[in-house]
Structures are given as structure tokens and as C-alpha cells.
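Some notes on the structure that comes next.
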Amino acid sequence: MTARRLSTGGLIDRTQAVDFSWDGNPLQGFAGDSLAAALLANNQRIVARSFKYHRPRGIMSCGVEESGALVTVGDGDRRDPNVKATTQELYQGLVASGQNAFPNVRFDVGAVNNLFGRFLPAGFYYKTFMGLPPFESGSGTGYWMWCENIIRKAAGMGSASRAPDPDHYEHGHLFCEVLVVGAGPAGISAAIAAAELGLDVLLVEQDALLGGDLLGQSDAQASRDELLKALAASGVRVMNRTTAFGLYDHGAAGLVERVTDHITQPDPNLPRQRFWTVRAQQTIVASGALERHIAFDNNDRPGIMTAAAGRHYLNRYAVLPGQQIVIAGNNDSTQIVAMDMAAAGAEVTLLDARADIGDSTALKDAGVQIRTGTAPLSARGKTLNSIQLARGLPGAWQADEKLDCDALLISGGWSPVVNLISHRGARPQWNADNACFVVPEEFDGVRLAGSAAGVWQTQACEQSGRHAAMQAAKALGKTVSEAPGVSIGGWQTPIEPLYEINTEGRKSKAFVDLQHDVSSDDVRLAYREGYVSVEHLKRYTTLGMATDGGKMGNVIGLALMAEALGKDIPAVGTTTFRPPYTPVAIGALAGRSVSEHFRPLRRTPLHDWNLTQGATMTMAGLWHRPWYFARPGETINEAYIREAATTRSSVGLCDVTSLGKIAVQGPDATEFLNRIYTNPFAKLPIGKARYGIMLRDDGIVMDDGTTWRLSETDYFMTTTTVNAAKVLTWLEELLQTRWPELRVHVTSVSEQWAGCAIAGPKSREVLSACVHQTRAVSNEALPFMGVIETALQGGIPCRIARISFSGEMAFEAYVPSDYGPAMMDLLYPQAALHEGCLYGLEALGTMRIEKGHVTGAELDGRVSIDDAGLGKMASPNKAFIGSVLRQRPELMRSDRPQLVGIFPKDRNATFNVGALLCAADEISGMGEGWITGATHSPELGHWIGLGFIKGGVDAWQSKIAVAADPLRDQQTEVEIVSPHMVDPSGERMHG
Amino acid sequence: MIRIDCPFCGLRDHSEFSYGGDASINYPPLDAPAEQWHDAVFLRENIRGRQLETWQHTSGCRMWLNVERDTVSHEIFAVWPAHRGYGRVLHAEKENTE
Amino acid sequence: MANRLSALAGHYSPGRFGAEGQAGVHLSVVADLRLHQVAAWPDSLPAVGQLLANSIGQAAKPGPGCAISSEQGAVLRIEPLKFWLLNLDPPTIEAEQGCSLDLSHSRTCVHIDGPQAQEFLGRLLPLDLRAAAFPDNRVASSALHHVGVTLWHRGGGYDLFIPRGFAVSIWEVLHATALQFGLEIS
């Protein structure tokens, strides 16, 4: 094959030479080239090695259906494997290399696989390497695993970079009335027609240039220019380099826009690609049709490509694929290819499998040699240098003479690109006259136009586009003039099916799916082994599962299976087309939600203040909360022990802003609270707070919190941090779907208030020094569980409740968020006067475990109020959410795990959260319980824990349990004690 | 992607909503017998085809909605506010503007 | 009275960033937001709405997803039964009529302006911002980068109300997205 660049013609810009590198060799092309065109112009014949057999491969097509020219583009952290050279735009400095070969694609040691082809057919993975003979059965797994290690290393194609992606990506949202996919003659005509009716139209095109098939026609320059001029004047929004990769429910489409993949030095402000979600009211898919190849012996040799691809290389890129060109096919579309090649100066022979190809005068006048009733039987040469011919009829071929050639352009027929409409559920139907699958014209607001609808001639495609636009406009309520539809087809002489060429009994390596090295023999193997359904055929052979999605070969595979089954193609059916139509970078789908923006970070108003004070943060839901405040040189353990001890002996301050806060307002607020909490709320006085538990409908505990009564009709509810959103949604659900008669509004005020817990024996002193009126927080003015609305010094509004999670005398003070840091600047100096400290989640956890206060670690969705030892909080005098089902038999069993405290028998020992509690003589299975919290207790001087165990404290009075931690290979003997391990009577809070 | 026509906000992506549950369930009074609560909480039909669901417009107007949707095709046939008072308010306003 | 410290304090500085030439996007932070929610019951909605309209000297309450404004303030209809009142204190509402709630500290408000403001927002919000769908004085709540926000199309630009806790995170996304248009922060 001697491909070369012609000195004139094409749509490339010859004033802009482009330097690029291929496998380390400097080469040149022109602006407007694809990488494949430039390689072809430089006569690079072998550009890849096939997946399994490592056979040399060349450029086989001119578009997204490429199965041969898979290369690696870029280097370092921009290395991108498995790029189709046919869709990669050439740019100055582009670096491309062959892949899946050692040392290179031209001389690959991996070709040895080809010699072992016999042992590597489809499905070999399940059958071969199952043990060395004669030990094949039963114990063969070891040997197979050994082979598998080697196979796994050899598997795959290009190698991806392991470095972080240096580019960024983004998402975008678009809205339009009509989305047109594909800017070929049909798509452009449809877009213009729709716009002329006043519709808001978006036209997307995967290529850099608009025009579709017009780009590959030798005489279409003028008509293309005219169309583009009309398009520019029409007001249609046009996006090129943008692939519509999927159509989804309700008019949604997914697009990926390649913003900088064609640019040498991308602007760092630009994303590399954008993933757009379009919401269209009507969609017109003018995605064209793709040419099929044909299965025959060695049909994968470099030098063989589809006929229309050859034409595109000639007319768009001014690259003549060869000097002695044979064109072979079964349909009329090859004739114009032959004409164009001959006009460019090549020696052209046209083979057509049909006996009659209509009027061939023009062909003969152009100097084209014609042989009807002839097809290629076998290709010869490591790169193509000749073919052997077959004469006669399908099914009865006879070997014929050899023909020298350096390029073979084949056309087995055309497949309308129906993928997108099939995403919506349209089922393709076989059209025997045109030997292709087509889809009904309209499905779910999506219409096909042009070759995607099986229309072959250019003018007919334009008309088809206009028709689709009229239909879409009508569906949107516009009055339109009639634009007649166009029937499927358009060839002079009918196509005759041609899928495989072979003579009787001849051994042949004929590929069906070139990217996955699936041969026609593999299809027949699948049939013999019973994998006859099209879904099994696909998965057993991997036909159609490569990055080309079987675009060139699927129909051949179906035809061969149909033949084996003795059925026709429609009876075999098709597999489901699924997005994406072409591969989409995962980065594009992630958009900006990567690294620290993978999820949004929620900061409390005290965030920066906490960091200044030396906080180490941890995640609580989406929030950052202070975990501990290590002094210089302190470990986390030293820090939390100091913080907890200081709080209990003096005073500690803790940022509690992240707790959920909900305003519950309205004349029926009291009734509402009384229905959702297990304990009585009907008579909560104004100026008091109450700890409450809410259950789910099924009787399991949902959340706990403290609700303050601020007025007759105004309540301030708090929830746990991670359940805040869930509780708000639950309250809204109850009010809107079950109790619409209640006049209650609930509104999140989590962001409105910054909160600080002030805990410890000195807490009142500290707070008194910070409030505007000292006496406002005296024991009389603010008794235990009391609530006041007052002000801090400087006039900062402040609401304070005397509530305690730590078990110490404690208050929670809330100020409007923007005053948060100002509040801390008042509190902390006062705390410091008493040698108090700041404490974080770790110390908070320590103190609450000491007290046996439950959190989400215990209330994990399996636990009832009785399990948690809070059964007394369930009022017997009222019905509430969950009150009935909490008494179902399963939740009342006496052997249910109950909340307990845990001490290590050896006070110096420790255990982990998540360990299972087992009877000492039965360390197995799921045990009798589990540990939910564990910490060193500064108060008790040893390790303690909280957890659940069957029967509770009473059942384990004199028994030793074992905390079993098989994952960490630890076992610790433990005593089961009351969960209220420190100050069980709660005196400290009531002082 | 499903798009839901919120009666307050208009047509929006499903990602703005949270799925609720079965809208055909009538929850009994809080003190109803256990069998009624059991049926309301634990028994569900698994419908292939049209079903009634609740959704909340969590990132939008926070309204709870009843939605009639086909579980196979995702076609949505009707959307209306779960709270009849909200429905009255929005209906009245729509009439006034038309 | 102590000063209010905005969620974005210390997290941005004014200046010109990103693409050169005319800035396509202008961002500024609205200081000391004054925002109250007023909620009505289904039967009292017309009356409460009218009361709020009167409080800013306007004739009729805003319909769903609409805003009315005057020099005295603005009323935004953000939910079927809920209004936001900007820049003035709410009138007294009896419990039988409804309830009010101070939310002045719960949101950070970023003003977005510039010739490419709409295109910029199209990278962030799944909202139809075309002129016919979202004209001046329309209000919509939606999700921006997984966070519930409210957008008000006001006088050619937009006010974006962000839950205070997410303000820095969202600001970072706004900033990064705006660079390609040329960003001016005032």
C-alpha cells in the first residue's frame, strides 16, 4: 500500500503545516488533518496491534467506528490510551504512539499469540488452562490462577497514566425547543427549517467541521458553503466538537464537548471537556449511517478500509489511499468511490458481488476495471499486497485468480446509526430491501432524519431533514406547511446481502469484530456451544463490546448466527443499544466534583476561629467539626483526655453549631410535637426545654434531640447533626401528607444560629461574665432545662438553654451566625481565666460515653427505645408516631440486645468499637452483642465502652463476656455494667 | 433522567427531588390497632406499570407531591400537591392569572 | 453592637481574575443581609401576601416564583405558603394568620452580574434561564453543586442566596467556573 498526499484539493489548510510525532518519529501534516489522515499521508501502514492475537492493523475507517487505528496520544499525565486516530484532531506538537506491542507495532513479539490462536478462541477463558493433562479435572484451579496472572498482564490495550489528571472539566445545562443531532445535510436542513418557524434550535455535531457526508464528496464545496451560510443566518445555536452520547427520559440528552483536545497549549482557564445536559422538547437525530465491512480471510490486513472512508480521505484530506486500488462491495455506493479514485489518478478495479450493477458507462469511461459476481476471498501480505478473488454467488463461491493491489476498499452495506433513538427504547427492525436495521420514524419525541432513517441520497436527506423539522414543529403546536417525507432507500440497483466470503471447506481467519479479534469461526463456535441468543452471542464472544460498540461488525455477527440457526436476521434480533454512543471521559462526568469539591464542605461560623485555636477537624456528615485541639507536642489521645478532664473539673467550650435546628411554628405546634415525640410535650411550659425521642412508624428510634418552647406557638427543635435533613423532611412529610389540618410550619434554622456548649463546674461563672445581665443565667433565672432569650455583651442577641450532654453543669448558647466568632471571643477569655479549654468531638464522645448518653452510634436504625434503656420516655398516656408498632412482638422480646456499659476485666486492657460481645465459652458467629463506643475515661482512669448485649446488665451480672475482634485478631475479657458509668444520678447537671 | 412538573416551580430534574414512598397508603390514626399499622407500614405492591408515589421537592420549594408514574417507561401522568390546602392555593392563583 | 462577620470574610479579595479582556462575570458579596421569612396558612395566604405587598408599597402579592420590590424592600415568593422579606422587618403577624422568622444570618448572598452572567450560571444550575422562562423578578430554588440555593433575577443581574455553611465551598466553585469568562470581584 502506498498512500500519499495529493498536491491539491481537500479541506485541509496547506498554509499551516503541523509537526507531530509518531512512535518517536517526527512527521508532518496540515491543519485540518485527523491524526489518521496524517499517518496515512505519511504512508504509515501498521499503526496498531490487535487485542488478542497481536495482528498488525492499519487504518480501517474515517470515523468513530474505527476498529484498527487505536493509538496512545499524549505523554506524562496527559497520556490517553485507546484513542481512535480517526477522530483525533491533529495539532502542533501532538505526540502519538502505538500501543499493545513490544517493542513496537511494526515488530511485535506479542504476535506469538497469533500462533497459539487455536487455544485462544472466544470463551477460551472458561475452557483453556484448566490443568495440565492428564490432571485436567477437579484440581486444575491452581494452574489456571497461575495462567490467569500472565493473561491479566497481557490483557488490555493501551496503558493509562497513573498520574492525577492535570485538566479540569465542567458540567453545563442547556434548554431548547428542538435538539438536532448531526450537522450533515439532513441535520443542517432540519435545523434551518425549525429555526425558520421561530423555534429555539440547538444543533450539535461531533466533528470539528459541519457537513457530515458532504465533507467526503468531491464536488460538494459549493452546496456545503450555501448550507452553512443559511445556517449561520438562521439563529440556530451550533456546537461542534460535541457528541450527543445518550438520549434519556423526558427529552434529556447527554453531550460531551471537547473544548481543548485539539489545542497545543490549552488555556488553563478552560475545562478540557464539558458534559452538557440538554433538555429538549423535540429531538431530531440526523446521525447518518456507517458502512459495514465484510468477513473474508485476512480481512484485517493493513491496507483494507471501508470504501466511503477511502473517499473521505481523498476528498477531505487529499490523501490517496493507494496506487492500485481494488474496491469491493455489494451495493451502489462503491461506484462514486471508484470514480473519485480513478479521477485522482489511481488504477482502480471495482468488484461487485452482484451480477448486475446497472449502467456502468461512466465507470468504464473513467478507466475503472469492473468485475461483477466477484468478491475478495483472501487478502495477502503482512501489509496488503494482493488479494485472491472469489467468483460466483454467495454460498457457492469459487476461488479465482489473484489480483495485485495496495489498497482494498470494502463495502458490505450501510447501517443507519439508530443508537440514540434506541436508547429511548425504540426497537430496530430489519429492512430486507436495504439490508439494514431501521427504526420507526418517531419514538418518544425523537425523530430520525437522513441516512439515520435509511435515506441514502444527499438531496433526499435534506428533504428528510426538513420533513422531520416540520413534524417536530407540529408536535410543538406550530402551524406548518406540508413537507413530504422520504422513503427509505435510494439506490438504483438493490443491495444483495454479503456478510462472509469463503469457499467450501477452506480454512479462513475472517474477522467480524476487529477490535476484539472476534472471528466468524467464533460466532459458529458460540452457536455450537449453545450460546445462540443474540445476548449470549455478544457476551460469549465479546462481539460488539469494544470501544467501537460493534459499529462495523454487529450485523455480520447477527447474519452468521442467523445462518447457523437457519433463520433470518430479524429472528435473531439485536442487543440493546446503551449510552454512551462513543466513549466519554470519566472526568467529564465528574465535572468539578473532584478532590475537595467531591462533596460540598459545610463550615460552621466558628470554623476559621476554631482553626486559629489549633483545632484538627473531622467530618460529621458534610460538616467539618473540631475533633480535638492539640497543644504543641500533644497526641490526639493526650488532647482528648486533657479536654475531657478539664471540662469536668473546670470548664470546656465546644462548637455545637452542626446540630440540626428547626423552627416549629404555629397554633398547632404543640399538638404536632406531642404526636411525634414519645414523651409528653403537650404541657411543656414556655421557657423550658425538653429532651425528646422520635420513633419511625415501625417503632424503631429515628432521632433524639432537645426542643425549646419560646412562646405559645414557637418552638426551637434540635436534632443530631447527621439526621438534621432527614428529620426536617420527615416533619414536612407528616404535615403535608398525613396531617394537613395542622397549622404548623417547620423551617431549618441550622444556618441561622451559631452554637457553643459551655460545660463544667465553672460554666455558670464563665457565662455570667459574658451575658449583658449577669443574673440572667443564675440558678433562679435559668434552672435546669430552662431557656432564655437574652443578649451577650455588646448587644449580641443570644438564646441560652441550660441543657447538658456531657453530664456536667452546662449551657448551650446560640447567637445569630455572623456573631459566632464574637461570642467565642467573649467566652474563651473567660474560660481561660478558670483554666478551662476548648474541646472537640473526641472529648465530647468521651464524656457522653462515660454518662451512657446515646448517639447515632447506638441509634443505628435497629434499636428500639427499650433497647436503649429509655423505655420510660415512652408515654403510656398518648398515641404517637410509632407507639403501636414499637410494641410488636419482635420489639418486645426479652432477649433483645440492650444498652450496657463495658469495662475491661483487666483495667489496663482496651477494646475496639465494632468488636462483638460473646459469652466467654462461645466465641463464634455474631455473638451476643456489639460495642458502639469506646474511650479512655479520665474520670474512672481506665478504658470503658458502650454497647448492646442480649439480656442487658441483669443477664451478665456474674458472667464474663469477651470482646472479640477477629478482624484485628484481638480478644478482651470484659465486665458488663450499667451504661451510666459516671455520676449516674446526674447531680452535676442540677447544681 | 426523569423530569417532574412541580406545581410551584415548574418542570425540574429529578435530582432536585427526593423520592418519598407509596402515595396510595392511608396511614391509620395513631392509636389504630396493630394490624392496620402493620399493613400500612410493611405491605407494598410491587407494580409494573402506573403507580402513585410521593416525592418531595427538596432542593426547590420543599413541597410534597403526589406523582403518578409508570415504573417501566418513567412516563409521568400527573403531579399534584399532597397537601390539599397547597393545592387550593396554587389552583386559585393559576385561575387568577389566566 | 458587635460587627457581623460574613461567612466569606477572609476568603476572597477584590480584583480581576482569569481570562483577559472585558470581564464576563462580576461577583460581589452582599453584606449584612436583612432577611425574614413570613409564612401563612392556606386560608390566610391571600391576606398575608397582601399585607406584605402593602408593607413595601406594592399593590399585589408576588405569585409563585416571583418577586415584587420597591425602595422599601422586596418580597420573594419562595414556597407555596412562604415569603422572603428583604431589607425591612416584617409586619406583626398573628399566629392565626401565620408566623415570621428571622433568617438574616442563614444565607450568604452573592450578586452576579456581567455580560456573561447567564451563560455562567448555565454551568452551575439546572435551570432554564432563557429570557422567556426566567425574566426579571423571577425567583427559583434549585441545587447548585449539591447545595440548595435560591436565585433571584434582579435588574439584569442575579442574587444568589446560599446557605451560610456552604458559602465558602460554593464561592470556590463560582470563582473557578468564572475564570474562563474573565472574573471581576468587587
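The listed protein sequences correspond, in order, to chains C, R and L. The working numbering puts the first residue of the first sequence at 158, with every later residue one more than the last. The working numbering puts the first residue of the second sequence at -13, with every later residue one more than the last. The working numbering puts the first residue of the third sequence at 1462, with every later residue one more than the last. Note that beta-carbon positions come from the ideal geometry of N, C-alpha and C, so glycine has one too.
Chain L contacts made by the stretch 902 to 917 of chain C, where a contact means CB separation under 7 Å: Residues are counted here when their Cβ sits less than 7 Å from a Cβ of chain L; for the stretch 902 to 917 of chain C these are 902, 904, 906, 908, 909, given in chain order.
Determine the direct distance from the alpha carbon of residue 786 of chain C to that of residue 770 of chain C, and round the result to whole angstroms. Each residue's alpha carbon lies about 7 Å from the other.
Pick from C:727, C:286, C:325: whose alpha carbon is nearest that of residue 306 of chain C? The residue with the shortest Cα to Cα distance from residue 306 of chain C is C:286.
Distance between residue 38 of chain R and residue 417 of chain C (C-alpha atoms, nearest Å): A straight-line Cα-Cα distance of about 46 Å links residue 417 of chain C and residue 38 of chain R.
Tell me residue 861 of chain C's beta-bridge partners as DSSP assigns them. Answer is C:850.
Among L:1465, L:1582, L:1567, nearest to residue 1637 of chain L - alpha-carbon criterion: For residue 1637 of chain L, the closest alpha carbon among the candidates L:1465, L:1582, L:1567 is that of L:1582.
Per DSSP, which residues does residue 1083 of chain C bridge with? Please list them. Per DSSP, none; premise fails for residue 1083 of chain C.
Identify, in the order they occur along the chain, each residue of the same chain with its Cβ nearer than 7 Å to the Cβ of residue 239 of chain C, setting aside the five sequence neighbours on each side. Same-chain partners within the cutoff: 227, 314, 315, 704.
Determine, using beta carbons only, whether residue 1490 of chain L and residue 1474 of chain L come nearer to each other than 8 Å. Against a cut-off of 8 Å, the Cβ pair of residue 1474 of chain L and residue 1490 of chain L comes out as no contact.
Check whether the stretch -12 to 2 of chain R touches the stretch 1013 to 1025 of chain C, taking contact to mean three or more Cβ pairs, one atom from each stretch, closer than 8 Å. Here the stretch -12 to 2 of chain R does not lie against the stretch 1013 to 1025 of chain C, with fewer than 3 beta-carbon pairs under 8 Å apart.
Quick one: list the residues of chain C neighbouring residue 1624 of chain L, beta-carbon separation under 9 Å, in chain order. Simply 759, 905, 907, 908.
If you pair each beta-carbon of the stretch 533 to 541 of chain C with each one of the stretch 514 to 521 of chain C, do three or more pairs fall below 8 Å? The answer is no - the stretch 514 to 521 of chain C does not touch the stretch 533 to 541 of chain C, with fewer than three Cβ pairs under 8 Å.
Is the stretch 316 to 328 of chain C in contact with the stretch 740 to 754 of chain C, if contact means three or more CB pairs nearer than 8 Å? Contact between the stretch 316 to 328 of chain C and the stretch 740 to 754 of chain C is established, with three or more Cβ pairs separated by less than 8 Å.
Contact set between residue 72 of chain R and chain L, taken where Cβ atoms lie within less than 8 Å: Within chain L, the residues whose beta carbon sits less than 8 Å from that of residue 72 of chain R are 1503, 1541, 1542, listed in sequence order.
Under 7 Å by beta carbon: chain L residues contacting residue 765 of chain C: Neighbours of residue 765 of chain C across chain L, judged by C-beta separation under 7 Å: 1471.
What does the Cβ neighbour count give for residue 634 of chain C, buried or exposed, with the cut at 16 atoms within 10 Å? So residue 634 of chain C ends up on the exposed side.
Out of C:443, C:820, C:806, which one is the CA nearest neighbour of residue 618 of chain C? The residue with the shortest Cα to Cα distance from residue 618 of chain C is C:443.
Counting pairs of beta carbons, one from the stretch 496 to 508 of chain C and one from the stretch 623 to 638 of chain C, are three or more of them closer than 8 Å? Touching, no, given that fewer than three Cβ pairs across the two stretches are closer than 8 Å.
Unbroken stretches of the alpha helix (DSSP H), 4 residues or longer, contained in the stretch 542 to 602 of chain C: Runs of the alpha helix (DSSP H) lying entirely within the stretch 542 to 602 of chain C and spanning at least 4 residues, in chain order: 576 to 580.
For a contact meaning CB atoms closer than 9 Å, what does residue 2 of chain R contact in chain L? Contact of residue 2 of chain R with chain L by beta-carbon distance below 9 Å involves 1587, 1602, 1603, 1604, 1609.
For residue 180 of chain C, I'd like the list of residues in its chain whose CB is within less than 7 Å of its CB, leaving aside the five on either flank, ordered along the chain. Counting only Cβ-Cβ distances below 7 Å, and skipping sequence neighbours, we find 254, 255, 261.
Would you mind telling me which residues of chain C sit closer than 9 Å to residue 5 of chain R, beta carbon to beta carbon, in chain order? Result: empty, since nearest Cβ-Cβ is about 11 Å, beyond 9 Å.
Residue 1046 of chain C: first and last residue of the uninterrupted alpha helix (DSSP H) it sits in: For residue 1046 of chain C, the enclosing alpha helix (DSSP H) begins and ends at 1046 to 1049.
Can you grab the Cα-Cα spacing for the pair residue 1635 of chain L / residue 376 of chain C, in whole Å? Whole-angstrom Cα-Cα distance: 49 Å.
Taking the C-alpha atoms as reference points, what is the distance between residue 460 of chain C and residue 469 of chain C? Straight-line Cα distance between these residues: approximately 15 Å.
DSSP state of residue 416 of chain C, grouped into three classes? For residue 416 of chain C, the secondary structure class from DSSP, reduced to helix, strand or coil, is coil.
Please go through the same chain and pick out, in chain order, the residues whose beta-carbon is closer than 6 Å to the beta-carbon of residue 821 of chain C, but skip the five residues on each side of it. Excluding its 5 nearest sequence neighbours in each direction, residue 821 of chain C has C-beta neighbours in its own chain below 6 Å: 872, 874, 903, listed in chain order.
Strictly under 8 Å for the Cβ-Cβ distance: is residue 64 of chain R near chain C by that measure? Taking 8 Å as the threshold, the shortest C-beta distance from residue 64 of chain R to chain C does not fall below it.
Residue 1541 of chain L and residue 75 of chain R look like a contact to me (Cβ under 8 Å); what is the Cβ gap, rounded to whole Å? 6 Å between Cβ atoms; contact.
Which residues, taken in chain order from the stretch 1475 to 1502 of chain L, show a beta carbon closer than 7 Å to some beta carbon of chain C? From the stretch 1475 to 1502 of chain L, only 1479, 1480, 1498, 1500, 1502 have a Cβ closer than 7 Å to chain C.
Would you decide whether residue 965 of chain C is buried or exposed? Buried here means 16 or more other CB atoms lie within 10 Å of its CB. When all chains shown are included, residue 965 of chain C counts as buried.
Assign residue 1068 of chain C to one of three DSSP states: helix, strand, or coil. Under the three-state reduction of DSSP output, residue 1068 of chain C falls in the coil class, being neither helix nor strand.
Closer than 8 Å to chain R by CB, residue 886 of chain C: It does; some Cβ of chain R falls within 8 Å.
Is the Cβ-Cβ distance between residue 259 of chain C and residue 250 of chain C less than 8 Å? Result no, Cβ atoms of residue 259 of chain C and residue 250 of chain C do not sit closer than 8 Å.
Give me the DSSP bridge partner(s) of residue 994 of chain C. Answer is C:809, bridged to residue 994 of chain C.
Use the C-beta contact count for residue 708 of chain C: other C-beta atoms within 10 angstroms, 16 or more gives buried, fewer gives exposed. By the neighbour-count definition (other C-beta atoms within 10 Å, threshold 16), residue 708 of chain C is a buried residue.
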